[in-house]
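Counting in my numbering, the sequence shown runs from 27 upward without gaps.
Everything on this sheet refers to the single structure shown next.
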Amino acid sequence: MDKKRIIIVGGGFGGVKCAQALTRNLPSDQVEVVLFDRQNHLVFSPLLAEVVGSSINSLDVLVPLRQLLPRALFRTEEVRGIDREANQVEYQAEDGRSARMRYDQLVVACGSVTNLSVVPGMADHAFPLKTVLDAANLRAHIMDQMEQAEIAEDPGRREWHLTVLVVGAGYSGVEAAGEINDLLRGSSRYYHNWKPAMVKVILIHSRDEILPEISPRLREFARRKMEQAGVQMVLNARVTSATPEGVGLQDGRFLRGGTIVCTIGSSPSPITGALNLPKEKGRLMTEPDLRLKGCPNVWAVGDCAWIINSLDGQPSPTTGQFAERQGRQCAQNIIRSFRGEPTQAFRFKLLGELCSIGGHSAVADLFGMHLSGFLAWFAWRGVYLFKLPTWGRRLQVGFDWATLLVFPRDLAFVRVEQTQRVAHAHYDAGEFIFRHGDAPTNFYVLERGEVEVVRPNNGAPEEIVAVLGAGSFFGERALLGNRPRVMSIRARTPVEVLVMGKNVFNQVSGALQPLRDALAQTLNRRATDNWKDQPHVYELLRRTPVQTLMEPAPEPLLPPTATLREVSLMFVEQGHEFFYVSADGRSVDGVVTITDLLRGQASGGNRSSAVTDFMTRNPVTIAVDDDCAIAANAFREYRLKALPVVETKGSRNLAGCLRIRRLMAFVLKETEIPRKAEPGKPSAQSEATRDGQAAPAEPISKNPTRA
Ligand SMILES: Cc1cc2nc3c(=O)[nH]c(=O)nc-3n(C[C@H](O)[C@H](O)[C@H](O)COP(=O)(O)OP(=O)(O)OC[C@H]3O[C@@H](n4cnc5c(N)ncnc54)[C@H](O)[C@@H]3O)c2cc1C
């Protein structure tokens, strides 16, 4: 008789319990249990916060699956897909090729994946807490922040390094906040330049109470205790953006902090997403006996499944406790189905809930008893020690905890070499991407938004010398010259940038001739001081606000739905050289010139192609109160004939446009007049321009909207 094969995808809490129950109860000569996991260990996630807080070693939360499941055939391979018609799983074999394995029964137990993209900037600037590497990275970062706080000279900067923002106050957020608070405050005695009073751990939660999973009395106790320990609560607050400086909230507040921990945002694993089966909130819906709907031989357990608990009719929460119970019951139902017995609906009464809140305190609801404080903390440690799946791990963790009662936490960390990275980063308006004097570590490509190049002015008000828009790059000069930054770069609008570490930049620019050429051209352009021989022109432009020379934008503003034919007609009828495109009739989304139009036609666009297919998206803008020197730099940088002028810095609302011809006419007129005037006597017009009240220049065209 052929052996039956049961495949389990995922060696987490659910998959492991299922495999254990199957291998214990089924004869190995008749049934083969194969478990796939991309990692060779189970992550005991309830203890991840302890790794962050340096209470236990990172390896202590990993349990090798091979040792845990000696009777199962364990494969460290990633499952790529499930073919339900052929009863096969597809996986990536050792040589990288795609391979398949047949199953008689399949258990999907692949958990969920972290999805930080729910909040702009979160993926780039926040630390998730899902894997042991996440916990180890976060721990190293916090250690680094303590070191930076020690050497920071500016008190504001020191405070920033010592501020940790934890987003989400469920179990993992609360445990992480408690541990980090203990770590920072407990370690302060080894540092000379900061004190526990400077530490700020802020727990941000969208609801009005933390720990919504537990009873209100315990919740209240947990909040009070954490506040007494120094953790600040920001409740009823939704995080809307994350930047290197901190997080923005929906109500407009911005919380600054050098560490952001994100414990919200998870989505189903890609293989469950690809299964064309009924889902709820992305999780696979099961029958009461854990079989997938419409699939007699496919089952699902744990975080990837939407399972109704028949005890109370409620969907099971995504916790380890439920995943384990489901794994065990799934195994029992598979065995029942082999024996031809009826399967049973999933039914589970929660044994209890435990959450550590730091400061040797915890809250617990065990068998109906509410415990809090030290007793609960003791119970919490005892229960988790007992729940660790092997005696080896129990001894190790127990030893770590016992050591910590006598010795301080370990403060050593390994710094990750940052210059090797290629990453995306989000900055909010007003934030510095780098400052004058900073070491040259990265090269930046502006993907969205605008930045301003700021020159420090030795105590005098800073000078904005240029504005850069999407598609521009910066940071190359200091990197190539290996010297500190000479200018600062500040986000003018919310921006997204691609950040390339120094080594990656050197490798890419060394290998790619077109990039080298573009860099050389830009370096030449930016290094040339155009105003060296004409300081009076620069001064004139600096004191002339753009508003003075601004003209109305060409009418009408085109909707994004305008077709190639309509745009062509518009050019012919109106006689303009360009039009702005705007979805809402106010903000500038794009610009279309005759060249763009011809390019749109040449690239095969038909008469009904939309203007968005061939326009230049998000062109760089200047604001009405910018000075004309900034505008002149933008004309040079982007080789443009006209710039859209917006109402305020950072807004996209169109106020008009500035044409290079008008700017040139103004300069010529203003700088030639003194020659005609009597020697020593300034002209009336140049008098008027002296304090920024530049006299309007005469239009050089009768129709001011035409360039
Ligand atoms: C920081 C933190 C603290 C927590 N604290 C608690 C707590 O105190 N109490 C509690 O009950 N719960 C807690 N949880 C929740 C608990 O960890 C999860 O509910 C539980 O791990 C879910 O088990 P699972 O088997 O469904 O998935 P997981 O344990 O996530 O396991 C899924 C496994 O599938 C593997 N996998 C995924 N896709 C594939 C693929 N395509 N091919 C091969 N392998 C794949 C993964 O590598 C992983 O090993 C916490 C979670 C976190 C992140």
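We treat Cβ as the ideally placed atom computed from N, Cα and C, and that holds for glycine.
- For V158 and Y664, the gap between their C-alpha atoms comes out near 46 Å.
- Boundaries of the beta strand (DSSP E) harbouring E58: V57 to D63, taken from the DSSP string.
- V190 is positioned such that its CB atom lies closer than 7 Å to that of V227.
- Burial of G291 is indicated by the presence of at least 16 other C-beta atoms within 10 angstroms of its C-beta.
- Looking at the DSSP output, I648 shares a beta bridge with V671.
- Proximity of the stretch 131-138 to the stretch 169-185 falls short of the contact definition, fewer than three beta-carbon pairs being nearer than 8 Å.
- Bounds of the beta strand (DSSP E) holding S398 are M395 to G399.
- Residue side-chain check: C654 keeps its Cβ at 6 Å or more from all non-hydrogen atoms of ligand 1.
- R685 is bridged by DSSP to A668.
- With contacts defined as CB atoms closer than 7 Å, S613 and R678 qualify as a contacting pair.
- By the criterion of a C-beta distance shorter than 6 Å, A203 is surrounded in its chain by V192, V227, L229 and V257, once the five residues flanking it on both sides are discounted.
- A direct Cα-to-Cα measurement between N550 and A544 gives close to 10 Å.
- Relative to ligand 1, Q174 has its C-beta separated by 6 Å or more from all heavy atoms.
- Secondary structure of H151 (DSSP, three-state): helix.
- When M690, L210 and N302 are compared, the shortest CA-CA separation from I108 is found for N302.
- In the three-state scheme derived from DSSP, where H, G and I count as helix and E and B as strand, M576 is classed as coil.
- In the DSSP assignment, W186 falls outside any beta strand (DSSP E) and lies within the alpha helix (DSSP H) extending over P181 to H187.
- At least 7 Å separates the beta-carbon of A451 from that of N644.
- If the five residues before and after V534 are omitted, its C-beta is found closer than 8 Å to the C-beta atoms of M526 and L541, all from its own chain and listed in chain order.
- Within the same chain, and ignoring the five residues on either side of D208 in sequence, the residues whose Cβ sits closer than 7 Å to its Cβ are G79, G384 and G385.
- By the C-beta criterion, the stretch 158-170 is judged not to be in contact with the stretch 31-39, since fewer than 3 inter-stretch pairs fall below 8 Å.
- Not one heavy atom of ligand 1 falls within 6 Å of the beta-carbon of I82.
- Distance from the CA of D329 to the CA of R282, rounded to the nearest whole angstrom, comes to 33 Å.
- With a cutoff of 6 Å, T140 does not count as near ligand 1, since its C-beta is closer than that to no heavy atom of the ligand.
- For A438, the number of other beta carbons within 10 angstroms of its own is below 16, and it is reported as exposed.
- Take A455, set aside five residues on each side of it, and the residues of its chain with a beta-carbon closer than 7 Å to its own are A517, R518, T519, P520 and G676, in chain order.
- Collapsing the DSSP output to three states places M526 in a strand.
- Proximity of the beta carbon of K675 to ligand 1 is not indicated: no heavy atom of the ligand is located closer than 6 Å.
- With fewer than 16 other beta carbons inside 10 angstroms of its own, I177 counts as exposed.
- The three-state reading of DSSP puts Y453 in strand, counting E and B together.
- In summary, A537 is exposed, with fewer than 16 beta-carbon neighbours lying within 10 Å of its beta-carbon over all protein chains present.
- For the pair D622 and R511, the Cα-to-Cα distance works out to about 36 Å.
- Classified as exposed, P343 has fewer than 16 neighbouring CB atoms from the shown chains inside 10 Å of its CB.
- The closest CA to that of G346, considering only F374, L337 and E367, is found on F374.
- Distances from the alpha-carbon of V144 to those of G272, R233 and S293 put S293 closest.
- Per the coordinates, the alpha-carbon of P270 lies some 51 Å from the alpha-carbon of Q370.
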